[in-house]
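Q: I'd like to ask some things about the structure below.
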Amino acid sequence: MRIGIDLGGTKIEVIALSDQGQELFRHRVNTPRDDYAATVQAIVDLVLLAEEKTGEKGTVGIGIPGTISPYTQRVKNANSTWLNGQPLDKDLAEALNRDVRIANDANCLAVSEAVDGAGAGKPLVFAVIIGTGSGAGVAIGGESRIGGNGNAGEWGHNPLPWMDEDELRHREEVPCYCGLQGCIETFVSGTGFAIDYQRLSGKTLKGAEIIKLIEQQDPVAELAMSRYEMRLAKSLAQVVNLLDPDVIVLGGGMSNNDRLYQTVPTLMKQWVFGRECETPVLKAVHGDSSGVRGAAWLWPLKG
Numbered sequence: 001m002r003i004g005i006d007l008g009g010t011k012i013e014v015i016a017l018s019d020q021g022q023e024l025f026r027h028r029v030n031t032p033r034d035d036y037a038a039t040v041q042a043i044v045d046l047v048l049l050a051e052e053k054t055g056e057k058g059t060v061g062i063g064i065p066g067t068i069s070p071y072t073q074r075v076k077n078a079n080s081t082w083l084n085g086q087p088l089d090k091d092l093a094e095a096l097n098r099d100v101r102i103a104n105d106a107n108c109l110a111v112s113e114a115v116d117g118a119g120a121g122k123p124l125v126f127a128v129i130i131g132t133g134s135g136a137g138v139a140i141g142g143e144s145r146i147g148g149n150g151n152a153g154e155w156g157h158n159p160l161p162w163m164d165e166d167e168l169r170h171r172e173e174v175p176c177y178c179g180l181q182g183c184i185e186t187f188v189s190g191t192g193f194a195i196d197y198q199r200l201s202g203k204t205l206k207g208a209e210i211i212k213l214i215e216q217q218d219p220v221a222e223l224a225m226s227r228y229e230m231r232l233a234k235s236l237a238q239v240v241n242l243l244d245p246d247v248i249v250l251g252g253g254m255s256n257n258d259r260l261y262q263t264v265p266t267l268m269k270q271w272v273f274g275r276e277c278e279t280p281v282l283k284a285v286h287g288d289s290s291g292v293r294g295a296a297w298l299w300p301l302k303g
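Using full-length UniProt numbering, read the sequence shown as starting at 1 and increasing by one per residue.
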């Protein structure tokens with residue numbers, strides 16, 4: 001049995017999977033924000049609960065909104081900031097009396113979709129989260145690529161490519177939490193989409209509210225979406241020029257906009273070197289369950 005944990009800023013979810021990928025148990029609790037010790041205990045309790053309910057012991061994989069530094073062996077780059085600087089894998093291994101595997105949540109999305117999702121059977125899967133924030137992960141042969149610095153797939157913290165004049169102004173006006181300016185995350189996250197609508201209209205609305213306006217043929221909301229599509233296309237074209245993945249999989253709240261799968265692949269071509277690009281851009285099959293499933297699959301089947 002494989003146990004996966006998705007450690008988010010607002011909730012922690014556990015899933016238990018059989019070797020065939022069948023869901024055996026699932027449960028979620030609120031994240032004890034700003035309390036590291038309580039967060040560790042909540043994860044331990046969820047693992048033990050899954051084992052109690054299934055009657056089996058499992059391997060444990062955890063997806064986090066950050067990564068483990070290969071140099072300090074502590075969490076870095078987590079927007080759940082109370083995790084940063086902590087030896088999370090060691091503390092959990094000690095508490096659970098077994099090895100645990102930890103990966104960035106976007107890498108878990110990539111693994112989940114590579115194993116039995118939209119990228120099943122594809123050698124190289126690039127998976128993108130476009131939700132409150134924006135990140136990405138890489139799966140090669142169904143396994144997470146983390147990299148020597150622990151930064152593989154940190155797509156959201158590269159600058160938006162080929163900026164026009166308005167995007168240059170956006171870069172100056174909307175700084176990224178990472179301390180730099182012009183990061184892809186500030187443009188193509190759901191938060192970035194809402195900020196761009198606010199810059200165009202002067203109104204502060206949530207993403208879902210803006211989508212409803214688009215359905216009502218509101219011209220300003222439509223403009224915000226067309227700009228969003230162009231920016232996402234540019235950002236993904238850059239990935240094709242670097243990695244040329246076999247498939248790009250989208251997850252997170254913005255990925256539920258079905259029009260993206262018609263518009264973005266066509267728009268990408270104008271920025272791909274040679275102007276040829278037939279890379280599939282697909283919605284994550286497992287939706288918001290991909291992260292927790294991918295965490296479970298951090299322990300691959302032994303052949």
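Note that the Cβ used here is the ideal one computed from N, Cα and C, for glycine as well. Please read these numbers as outputs of a predicted model, since none were measured by experiment.
(1) Quick one: grab the DSSP three-state call for Phe25.
(2) Could you check how far apart the C-beta atoms of Gly190 and Thr132 are, in whole angstroms? I think they sit under 8 Å.
(3) What are the boundary residues of the beta strand (DSSP E) that Arg101 is part of?
(4) From this set, Ala110, Ala114, Ile12, which residue's C-alpha is nearest Ile129's C-alpha?
(5) According to DSSP, simplified to helix, strand and coil, what is Glu13?
(6) Do Gly251 and Ala284 have their CB atoms nearer than 8 Å?
(7) Assign Asn149 to buried or exposed, taking buried as 16 or more other Cβ atoms, counted over all protein chains shown, within 10 Å of its Cβ.
(8) Assess contact between the segment 13–31 and the segment 72–79, defined as three or more Cβ pairs (one per stretch) separated by less than 8 Å. Is contact present?
(9) Just to confirm my understanding: we take Gly303, look at its own chain, exclude 5 residues before and 5 after, and list those with CB closer than 8 Å. What are they?
(10) In chain order, what residues of the same chain lie with their CB nearer than 6 Å to the CB of Glu222, ignoring the 5 residues before and after it?
(11) Under three-state DSSP, which class holds Pro159?
(12) Whole angstroms are fine: how far does the CA of Leu124 sit from the CA of Ser112?
(13) Starting from Asp126, trace the beta strand (DSSP E) both ways and give me its first and last residue.
(14) Classify Gln238: buried if its beta carbon has 16 or more other beta carbons within 10 angstroms, exposed otherwise.
(15) If we count Cβ pairs, one from each stretch, closer than 8 Å, do we get three or more for the segment 80–99 versus the segment 53–63?
(16) So what does DSSP say about Ser80, is it helix, strand or coil?
(17) In terms of alpha-carbon separation, which member of Arg227, Lys90, Gln217 lies closest to His170?
(18) Between which two residues does the alpha helix (DSSP H) harbouring Leu213 extend?
(19) Helix, strand or coil for Gln262, going by three-state DSSP, please let me know.
A: This is what the structure holds:
(1) As a position in the sequence shown, residue 25 is number 25, starting the count at 1. Phe25 falls in the strand class under three-state DSSP.
(2) On the sequence shown, residue 190 is found 190 positions in, with the first residue counted as 1. On the sequence shown, residue 132 is found 132 positions in, with the first residue counted as 1. Indeed they touch by this definition, with Cβ atoms about 6 Å apart.
(3) Residue numbering aside, residue 101 sits at position 101 when the sequence shown is read from its first letter. Element bounds for Arg101: 100–104.
(4) Counted from its first residue, the sequence shown places residue 129 at position 129. Answer by Cα proximity: Ala110.
(5) As a working mapping, residue 13 is identified with position 13 in the sequence shown. In this structure, Glu13 counts as strand in the three-state DSSP scheme.
(6) The residue given as residue 251 occupies position 251 in the sequence shown. The residue given as residue 284 occupies position 284 in the sequence shown. The beta carbons of Gly251 and Ala284 sit closer together than 8 Å.
(7) Taking the sequence shown and counting its residues from 1, one reaches residue 149 at position 149. Classification of Asn149: exposed, given that the 10 Å Cβ count is below 16.
(8) Segments in contact, no.
(9) Sequence index remark: in the sequence shown, residue 303 carries index 303 (1-based). In this prediction, Gly303 scores a pLDDT of 42, lower than 50, which makes its location untrustworthy; the coordinate-derived value is nonetheless stated afterwards. Taken in chain order, the list of residues that qualify is empty.
(10) Against the sequence shown, residue 222 aligns to sequence position 222. Excluding positions up to five away in sequence, the list reads Ile214.
(11) Residue 159 sits at position 159 when you count from the first residue of the sequence shown. Strand at Pro159.
(12) For this step, residue 112 is matched to residue 112 along the sequence shown. For this step, residue 124 is matched to residue 124 along the sequence shown. About 13 Å.
(13) Numbered from 1 along the sequence shown, position 126 holds the residue referred to as residue 126. It should be pointed out that residue 126 corresponds to Phe in this sequence rather than to Asp. Counted as a single uninterrupted DSSP element, the beta strand (DSSP E) harbouring Phe126 occupies residues 124–130.
(14) Looking up residue 238 in the sequence shown gives position 238. Per the 10 Å Cβ criterion, buried.
(15) Short answer: they touch.
(16) As a position in the sequence shown, residue 80 is number 80, starting the count at 1. DSSP, read as helix, strand or coil, puts Ser80 in coil.
(17) As a first step, residue 170 is located in the sequence shown; it is residue number 170 there, counting from the start. The residue with the shortest Cα to Cα distance from His170 is Arg227.
(18) For the purposes of this step, residue 213 is taken as the residue at position 213 of the sequence shown. Counting along the chain, the alpha helix (DSSP H) containing Leu213 begins and ends at 207–215.
(19) What you label residue 262 is simply residue 262 of the sequence shown in a count that begins at 1. Gln262: helix per DSSP, three-state reduction.
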